[in-house]
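Contents: one structure, followed by commentary.
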Amino acid sequence: MFSIKRLKNRERRVLKKTIFLIFLPCLLIYWGCAAPTKKATDFRLQDNSLNKPVNTIETKSIEAEKDAMEKERELLRMSKVTKNSVFTEEFEMPEYIIGPGDVLDISLWEGTEEKKHTMTVRSDGTISISFLDDVKVSGLTERQVKKTIIEGLTNFVKNPRVDVLVKGFNSKKASLFGEVNILQTGVSGPGNYPLKGKTTVLDLLVSAGGATSNADLRRARLMRGGKTYTLNLYKTMFQGDMSQNIILDVGDLVIIPESPTARDKVFVLGEVRDPGAYSFKHEIDLVTAISLAGGYSYDAKEKNILVIRGYPAKTNVLVANLKDFLRQGDFSQNIPLQSGDVVYVPRSVIGDINYYVSRLTPMLDFTFYPSRYRDAYTTGGGLRINTGTR
Numbered sequence: 494m495f496s497i498k499r500l501k502n503r504e505r506r507v508l509k510k511t512i513f514l515i516f517l518p519c520l521l522i523y524w525g526c527a528a529p530t531k532k533a534t535d536f537r538l539q540d541n542s543l544n545k546p547v548n549t550i551e552t553k554s555i556e557a558e559k560d561a562m563e564k565e566r567e568l569l570r571m572s573k574v575t576k577n578s579v580f581t582e583e584f585e586m587p588e589y590i591i592g593p594g595d596v597l598d599i600s601l602w603e604g605t606e607e608k609k610h611t612m613t614v615r616s617d618g619t620i621s622i623s624f625l626d627d628v629k630v631s632g633l634t635e636r637q638v639k640k641t642i643i644e645g646l647t648n649f650v651k652n653p654r655v656d657v658l659v660k661g662f663n664s665k666k667a668s669l670f671g672e673v674n675i676l677q678t679g680v681s682g683p684g685n686y687p688l689k690g691k692t693t694v695l696d697l698l699v700s701a702g703g704a705t706s707n708a709d710l711r712r713a714r715l716m717r718g719g720k721t722y723t724l725n726l727y728k729t730m731f732q733g734d735m736s737q738n739i740i741l742d743v744g745d746l747v748i749i750p751e752s753p754t755a756r757d758k759v760f761v762l763g764e765v766r767d768p769g770a771y772s773f774k775h776e777i778d779l780v781t782a783i784s785l786a787g788g789y790s791y792d793a794k795e796k797n798i799l800v801i802r803g804y805p806a807k808t809n810v811l812v813a814n815l816k817d818f819l820r821q822g823d824f825s826q827n828i829p830l831q832s833g834d835v836v837y838v839p840r841s842v843i844g845d846i847n848y849y850v851s852r853l854t855p856m857l858d859f860t861f862y863p864s865r866y867r868d869a870y871t872t873g874g875g876l877r878i879n880t881g882t883r
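Residues in the sequence shown are numbered consecutively from 494, following my numbering.
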């Protein structure tokens, strides 16, 4: 009886072990799915961290910086073009491209006798002259039109002589608005202006009367093809940075904005990082003005900084040595400025101050008396500021 009971107990234990071994894999699978290990949990946390939102402020800042750099490259390219819708360069000489609406003076020579013909280019870009009908001239320069007419007349005239001159420029225009002077004589002020060849922003501004005393030439704007570019024209005028003096194309819009506070301002020019006119409310000194302009450039000479006051009626020139101010604490060198003062930071040491100021006179005239430049420019006197077109 005892042996039978013992046998039954043994069978029960074997049965329990069998059942346990059958269900053990199922339990392991269940636990593996329901409760991930620590490593798996850590991995999931790390993976979720990748889905965190990106800092939108940093992203916008990076995008703005890339956009600014791209526009700088575009400005450099636009300032160096040798051909656009207005002109083309042949043998390094810019030539105007004729279009519909332009007026041509064409002279045909018969021996010593000159016969002049004045005609307007038709809307289809053609003209008719002498034996020739529907001569295509749109898209050509004066020289190319001359060549085309001579080739056509060769069939009718022996050794034809022809002269071609554009008398009226009507096919290509740019617009200028904002703080532009309206002069008493000639065409001036804001409006649409014909492009007569290779023309830069400064060329257009000068021929239109120049900027007013309230203009902010550090932030001139050029609008082209749906994009807006900011130009610092002071950099062109006083540092020779031609990337700011864009060569204009058909349909360009130039806006000269008003200075935020136009009442009191000083001009900081020469070897500074951001030359221009700077407004102030109460008082301003030399160091503050140069700081507003971004500080010195690498080539600046701090020993010979000029403060030109009262130009041109009672011009008084003060010389400051900011090297002594910065290194020795000589506060007498930090000159208090007045409205209208011109601060000029030179590139080289100045010997004869009077001679140096006389060399600055063209730039000062452009700043304070733009009408003088307009008159000189339009009457053939030539533009004394190098705008990059000559």
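We put the CB at the ideal spot given by N, CA and C, even for glycine.
Extent of the continuous alpha helix (DSSP H) to which residue i belongs
| i | result |
| --- | --- |
| THR729 | 726–732 |
| LEU830 | Note, LEU830: premise wrong, no alpha helix (DSSP H); not H, not E. |
| GLU764 | Run containing GLU764: none; DSSP gives neither H nor E here. |
| THR781 | 779–785 |
| VAL574 | No alpha helix (DSSP H) contains VAL574, which DSSP labels as neither H nor E. |
| SER841 | Premise fails: SER841 is in no alpha helix (DSSP H) and is neither H nor E. |
| VAL699 | 694–700 |
| LEU811 | It is not in any alpha helix (DSSP H) - LEU811 instead sits in the beta strand (DSSP E) that spans 809–813. |
Residue i vs residue j beta-carbon contact at 9 Å
| i | j | result |
| --- | --- | --- |
| ILE620 | LEU658 | no |
| GLU672 | GLU751 | yes |
| LEU601 | PRO653 | yes |
| MET571 | MET730 | no |
| ARG802 | GLY763 | no |
| SER841 | LYS774 | no |
| VAL838 | VAL765 | yes |
| LEU741 | VAL579 | yes |
| PHE818 | VAL759 | no |
| LYS660 | THR611 | yes |
| ILE798 | ILE783 | yes |
| ILE642 | LEU669 | no |
| SER681 | VAL614 | no |
| LYS796 | LEU811 | no |
Cβ separation of residue i and residue j, assumed to be a contact under 8 Å, to the nearest whole Å
| i | j | result |
| --- | --- | --- |
| ALA770 | LEU710 | 7 Å |
| GLY703 | ASN674 | 5 Å |
| LEU785 | VAL761 | 7 Å |
| VAL747 | LEU697 | 6 Å |
| LYS564 | TYR791 | Contact flag wrong, Cβ pair sits at about 24 Å. |
| VAL835 | TYR789 | Contact doesn't hold; Cβ gap of about 17 Å is too wide. |
| SER623 | LEU597 | That belief does not hold up - the Cβ atoms of SER623 and LEU597 are roughly 13 Å apart, past 8 Å. |
| LEU569 | SER736 | 5 Å |
Per-residue burial, residue i [other beta carbons within 10 Å of its own, 16 or more giving buried]
| i | result |
| --- | --- |
| ALA813 | buried |
| ASP595 | buried |
| GLU558 | exposed |
| ILE846 | exposed |
| ASN738 | buried |
| THR605 | exposed |
| THR581 | buried |
| LEU543 | Because the pLDDT of LEU543 is 48, which lies under 50, any placement of that residue in the model is unreliable, and the number read from its coordinates should be weighed accordingly. Exposed is the call here. |
| THR693 | buried |
| SER616 | exposed |
| TYR686 | buried |
| GLY881 | A caution first: GLY881 carries a pLDDT of 40, below 50, which makes its placement in the model too unreliable to give a value. |
| GLY618 | buried |
| TYR848 | exposed |
| PHE662 | buried |
| ASN648 | exposed |
| PRO768 | buried |
N-terminal and C-terminal residue of the beta strand (DSSP E) that residue i is part of
| i | result |
| --- | --- |
| PHE580 | 580–583 |
| ALA667 | 666–671 |
| LYS629 | 625–629 |
| GLU606 | 606–613 |
| GLU603 | 596–603 |
| ASP656 | 654–661 |
| GLY684 | 684–687 |
| ARG636 | Run containing ARG636: none in the beta strand (DSSP E); it sits in the alpha helix (DSSP H), 635–646. |
| SER772 | 769–772 |
| GLU802 | Looking at the sequence shown, residue 802 is not Glu but Arg. Here the beta strand (DSSP E) through ARG802 covers 798–802. |
| ARG712 | Neither: ARG712 is in no beta strand (DSSP E) and is coded neither H nor E. |
| THR619 | 619–622 |
Distance cut-off 8 Å: residue i Cβ against heavy atoms of the ligand MN
| i | result |
| --- | --- |
| LEU785 | This structure does not include the ligand MN; it has no bound ligands of any sort. |
**OP:** Specify whether the region 634–644 and the region 587–607 touch according to this definition: at least 3 beta carbon pairs, one from each stretch, less than 8 Å apart.
**Re:** By the Cβ test, the region 634–644 is in contact with the region 587–607, since at least three Cβ pairs between them sit closer than 8 Å.
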